[in-house]
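First the structure, in the form of C-alpha cells, and then the observations on it.
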Amino acid sequence: MIKLRIFILIIVFISFTLVSAVRSQPEDAAFDGGNYARLNIERVLFHPALYHDISKRQFDAYFTRLYGLREMETRSLLLMLPWSKKRFCLSVTSFGGKIYSENGISCVSVLPVMSGLWITSELSWTAVTISGYGRMSDFAVTQGVFYDLSRYELGFRFLNIISGGDAHTRNGRNRAFQLRAGASLSPAFKIAIGVLQETGYPALWVLENRLILGEILGLVAEIGANPSQYAFGIEIKRRTVQFVYHLKQHPDLGSTSQFGVSYRF
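The numbers in numbering that gives the first Met the number 0 rise by one with no breaks, and the one at position 181 of the sequence shown is 180.
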C-alpha cells in the first residue's frame, strides 16, 4: 500500500511538471555542446496584495528588480534555437497577463577568443504593456566574458551598458554587473555562486549546489539573497531529450513552478 502511494505521488509530481518551466539565459544554448531547441514554460503565483497602494515608480521598481516574477497566474514562453556552429542564439519571450504583459526578442553571439575563453554580446528589445499606463518599449546591450578551466568556471556580464526607451525608466534600463564562479568538486558534485550588483540597489547573491546521479538524473538546490530566496530542482537527461523542473519560493511574492524541455539534434 505504501509503495502504491509513493508511485501515485511520483506520477502526480511528473504530471504537474508538464504545466510549468525554467527560463535560462540564451548563452546556455550557445555554450552547450550541440544544436538544440529549448521550450520553457513557467507559472508564477504573485501575491495580489502588492498592487494595493503602490505608486508608478514603485511598480516599475518591483518589475525591474524581480526578474521572472511578473504577476499572479502568469505564464511565460521561451523558445531558443542556436545557429552558426553553436555560436549564435535567438530567443523570443512572451508573457501574458491582465495587468502586465511583455514581448521581447534577444540575439546573442558567442565569440571564441582562445581555448576556454569566450566573449558574449546580447542585443535585446522589449515591448511592455501595463494596465493604466499604456504600451512602452526599450532596448539594451549586454557584454560578457566566460572562462572555462575544465573543473572551474568564471564569468561576468555588464548588463544594459547601452539602453534606451521608456519601458522601465526614462533613460532606459538600470545598469548592472553579474558575476558567476563555479567549481566541480567531483564528477558528481558541482558548486557555483552568483552575484548581481544593480545600480541603486544592494548586491544580491545566490549559491547553487548541483548533484549529478549517473548520466540521467541531476538534483539542484539554491539559496541566496535573490528574488527566489531558495529553490529546488530536478533535471532528467535521456539521450537527446532533457527535462528540467524547478520550484522557487519568495517569502513575500509566493512560488514559481517551472518546467523546461530541450531537444538536441
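Virtual Cβ for every residue (Gly too), placed ideally from N, Cα, C.
Residue i - DSSP class collapsed to helix/strand/coil
{"i": "P111", "result": "strand"}
{"i": "R179", "result": "strand"}
{"i": "R150", "result": "coil"}
{"i": "E221", "result": "strand"}
{"i": "T141", "result": "strand"}
{"i": "T125", "result": "strand"}
{"i": "N159", "result": "strand"}
{"i": "N208", "result": "strand"}
{"i": "I233", "result": "strand"}
{"i": "Y200", "result": "coil"}
{"i": "N102", "result": "strand"}
Residue from the options with nearest C-alpha to residue i
{"i": "Y229", "options": "L218, K247 and L212", "result": "K247"}
{"i": "I215", "options": "I190, F242 and R134", "result": "F242"}
{"i": "T198", "options": "P186, V205, I192 and F176", "result": "F176"}
{"i": "L206", "options": "G259, L178, S100 and P186", "result": "L178"}
{"i": "L184", "options": "Y200, G193, S162 and N208", "result": "N208"}
{"i": "S162", "options": "V112, S136 and D147", "result": "S136"}
Distance between residue j and residue i (C-alpha atoms, nearest Å)
{"i": "L218", "j": "G133", "result": "42 Å"}
{"i": "E234", "j": "L212", "result": "10 Å"}
{"i": "F155", "j": "S120", "result": "12 Å"}
{"i": "L203", "j": "L195", "result": "5 Å"}
{"i": "I118", "j": "T141", "result": "11 Å"}
{"i": "H245", "j": "R237", "result": "18 Å"}
{"i": "Y151", "j": "R174", "result": "27 Å"}
{"i": "S149", "j": "V109", "result": "18 Å"}
{"i": "G143", "j": "F157", "result": "6 Å"}
{"i": "P201", "j": "A191", "result": "20 Å"}
{"i": "L116", "j": "W124", "result": "27 Å"}
{"i": "M113", "j": "L210", "result": "30 Å"}
{"i": "F188", "j": "T128", "result": "43 Å"}
{"i": "Y146", "j": "Q257", "result": "28 Å"}
{"i": "S105", "j": "P186", "result": "33 Å"}
{"i": "V240", "j": "G259", "result": "11 Å"}
{"i": "G223", "j": "P111", "result": "31 Å"}
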